[in-house]
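Residue numbers (this note's numbering), protein chains in the order written: chain V, 246 to 557; chain G, 246 to 557.
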């Protein structure tokens, strides 16, 4: 087996790529733009070309490369089939390894991007040393990746770990992007946090730093750090929803650890201080010893996890 | 490998036992009483003695037996360790295979009883042919067993699939047995159904068959079959809770099928007709194609699943 692997993380704007060795070292990383024209038909040829150029530059032959791991923004089943397509790229459903192999003759393994990030965090990030883990990505939405006994739980239709669309609130009147009402990501994402903040601020006239400037997840937690009372209330509400969601997940998969990443997690440990009490409150007692930790790999989690599909 | 296996299902009143061949045939089944005196210290010796007697009776030697599978009413981890004991038996925490091997020299594998029942239903019951399945047992409480890619998800502390204690209702005022409020089994178990019925009947004086006699899960669904309007309302509420719970589970593990068993499921297909609409309402669209089916093995699911630990 070759001693190198490539990790590829296909996003809506850029494709992140990394060259790893079999000691889990990220030797080099770079990006290429995601060309979405013509239903994203240039994306995989571009990825292959970029890898071939990197191999030439480094003097790496095909036999030196154990494989290419690739994470894509859509549901991917165990075999590497993109089930139902990737809306953000314009991709229809197809078998990813064969499609990439049309341009480069190196073994390919594919998975969903959130699952790749989860796998990366288990390999070299906040979940290192654990084999039973749930990764939670708090960005525009809430992504999830579930690892059981060291393996990704992809689910019957590639929707394993789609925890952002877990029903969490019966009283919601607004629709989630998915069409349902009361999904976890309507509260526990960056967007959800801003929505909770807007609702709270509209309730009364209590003074708050948050009343000036534009509302963002960062602004809310910055205000919490300055002990802004309204911001603390909002963070408590956010933490209650997220902690409740994690408690529900714990009753299903009983993980050792939750690894929390994504934009909102940049708030740091203070975020966990709002989630932990709610988790303890709602979790079944036998699941309460699950640890809550921050993700460590940031935007590199996806390329790490994609490479881990090959190297782990 | 021997061609026989024993499946043992340790309950609070009786121990059910079965002799299987490697073609998945249940050749014989029997029961012995569960002797709970002295912290249940006689249970495993009694099991061993009963198996040895059966082997003698049938002329089966130790080398003819591939192993003994055993399900016990408590959390059991991957290795067969009873984590935290089994309250109903008076057992403390111990390593089950070694403990049983003190009395009988045949390989032993152990798991939780709900997990064993789930595994049995996958092997020869309602989940036959599926590899990604959630078994839901609607009895006094709500038990769960989760199977991913043909393997039981036991969880970090043996609490995988403890879905009865999933938080589902923020407005609950009464405590669950576990100490939390709003757990799924406060609504979606036999006990929960009776509780919902009691609450509904107390709301007004609308005539109903249910106002005479003692309330039970069976009585509610019998009344539904006679088109009793109040009973239908109660079943709808029950179905809403259970369907919501299953939808939440689907967003985590995305199974192919839910297999629904336990006492309440004796109502038959009519039960599913109340759960399916709620499941479709709350489930993330990519998880909605999960099938809901009834369990088929009844009280034998546990011995089947225990034997499957050996034979599958």
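Just so you know, even glycine gets a beta-carbon here, dropped at the ideal spot from N, CA and C.
Asked, Found
"Determine whether the beta carbon atoms of residue 361 of chain V and residue 392 of chain V lie at a separation below 9 Å.", "no"
"According to DSSP, simplified to helix, strand and coil, what is residue 346 of chain G?", "helix"
"Sort V/403, V/460, V/508, V/312 by Cα distance to residue 530 of chain G and report the nearest one.", "V/403"
"What in chain G is Cβ-close to residue 402 of chain V, meaning under 8 Å?", "499, 531, 532, 534"
"Who are the neighbours of residue 527 of chain G on chain V, taking C-beta pairs under 8 Å?", "412, 425"
"List the whole-angstrom C-beta distance separating residue 237 of chain G from residue 383 of chain G, where the pair is believed to meet the contact cut-off of C-beta under 8 Å.", "What is shown of chain G runs 246 to 557, which leaves residue 237 of chain G out entirely."
"For the alpha helix (DSSP H) that residue 524 of chain G lies in, which residues bound it at each end?", "514 to 527"
"Could you tell me how far apart the beta carbons of residue 506 of chain V and residue 546 of chain V are, in whole angstroms, since I believe they sit closer than 8 Å?", "7 Å"
"Taking contact to mean 3 or more Cβ pairs, one atom from each stretch, closer than 8 Å, check whether the stretch 270 to 278 of chain G and the stretch 306 to 325 of chain G are in contact.", "no"
"List the residues of chain G whose Cβ lies closer than 7 Å to the Cβ of residue 398 of chain V, in chain order.", "393, 498"
"Checking contacts by CB at 9 Å: is residue 415 of chain V closer than that to chain G?", "yes"
"Check the C-beta distance from residue 305 of chain G over to residue 345 of chain G and give it rounded, since I have them as a contact under 8 Å.", "Going by Cβ atoms, the distance from residue 305 of chain G to residue 345 of chain G rounds to 17 Å, so no, they are not a contact pair."
"In the DSSP output, which residue or residues are listed as bridge partners for residue 396 of chain G?", "G/393"
"Cβ of residue 475 of chain G within 9 Å of Cβ of residue 516 of chain G?", "no"
"Can you confirm whether residue 484 of chain V, when its beta carbon is compared against all beta carbons of chain G, has any partner nearer than 9 Å?", "no"
"Going by CA-CA distance only, name the one from V/336, V/369, V/500 that's closest to residue 318 of chain V.", "V/336"
"Give, in chain order, every residue of the stretch 305 to 324 of chain V whose Cβ lies closer than 7 Å to some Cβ of chain G.", "320"
"Which bits of chain G does residue 439 of chain V rub up against, with CB to CB less than 9 Å?", "In chain order: nothing, as chain G lies at least about 22 Å away."
"Would you give the residue range spanned by the beta strand (DSSP E) that residue 557 of chain G belongs to?", "Neither: residue 557 of chain G is in no beta strand (DSSP E) and is coded neither H nor E."
"Under the three-state reduction of DSSP, which class applies to residue 463 of chain V: helix, strand or coil?", "helix"
"So, does the CB of residue 407 of chain V fall closer than 9 Å to a CB anywhere in chain G?", "yes"
"When burial is assigned at 16 or more other CB atoms within 10 Å of the CB, is residue 332 of chain G buried or exposed?", "exposed"
"Rounded C-beta distance between residue 256 of chain G and residue 368 of chain G? I'm assuming under 8 Å.", "Between residue 368 of chain G and residue 256 of chain G the Cβ distance is about 20 Å, and since that is not below 8 Å, they are no contact."
"Can you pull the chain V residues whose beta carbon is under 8 Å from the beta carbon of residue 386 of chain G, in chain order?", "Within 8 Å Cβ-Cβ: nothing; residue 386 of chain G doesn't reach chain V, min ~12 Å."
"Determine which residues of the stretch 344 to 375 of chain V have a Cβ less than 7 Å from any Cβ of chain G, and write them out in chain order.", "none"
"Determine the chain G residues that contact residue 510 of chain V at a beta-carbon separation under 8 Å, and present them in chain order.", "Here the premise fails: no neighbours, minimum Cβ distance about 20 Å."
"Tell me the residue span of the alpha helix (DSSP H) that contains residue 299 of chain G.", "288 to 303"
"Should residue 469 of chain V be flagged as near chain G, meaning a C-beta pair shorter than 9 Å?", "no"
"So residue 311 of chain V and residue 555 of chain V are supposed to be a Cβ contact under 8 Å. How far apart are they, rounded?", "5 Å"
"Among the residues of its own chain, which have a CB less than 7 Å from the CB of residue 471 of chain V, if the five just before and after it don't count?", "454"
"Expressed to the nearest angstrom, what Euclidean distance is found between the alpha-carbon atoms of residue 486 of chain G and residue 444 of chain G?", "15 Å"
"Please tell me whether residue 341 of chain V and residue 289 of chain V are closer than 9 Å, where the distance is taken between their beta carbons.", "yes"
"Any C-beta of chain G sitting closer than 9 Å to the C-beta of residue 505 of chain V?", "no"
"Is it right to say residue 525 of chain G is buried, meaning 16 or more other beta carbons lie within 10 angstroms of its own, or is it exposed?", "exposed"
"Assuming residue 434 of chain G and residue 386 of chain G make a contact with CB atoms under 8 Å, what is their CB distance in whole Å?", "5 Å"
"With C-beta atoms as the reference, is residue 553 of chain G less than 9 Å away from residue 365 of chain G?", "yes"
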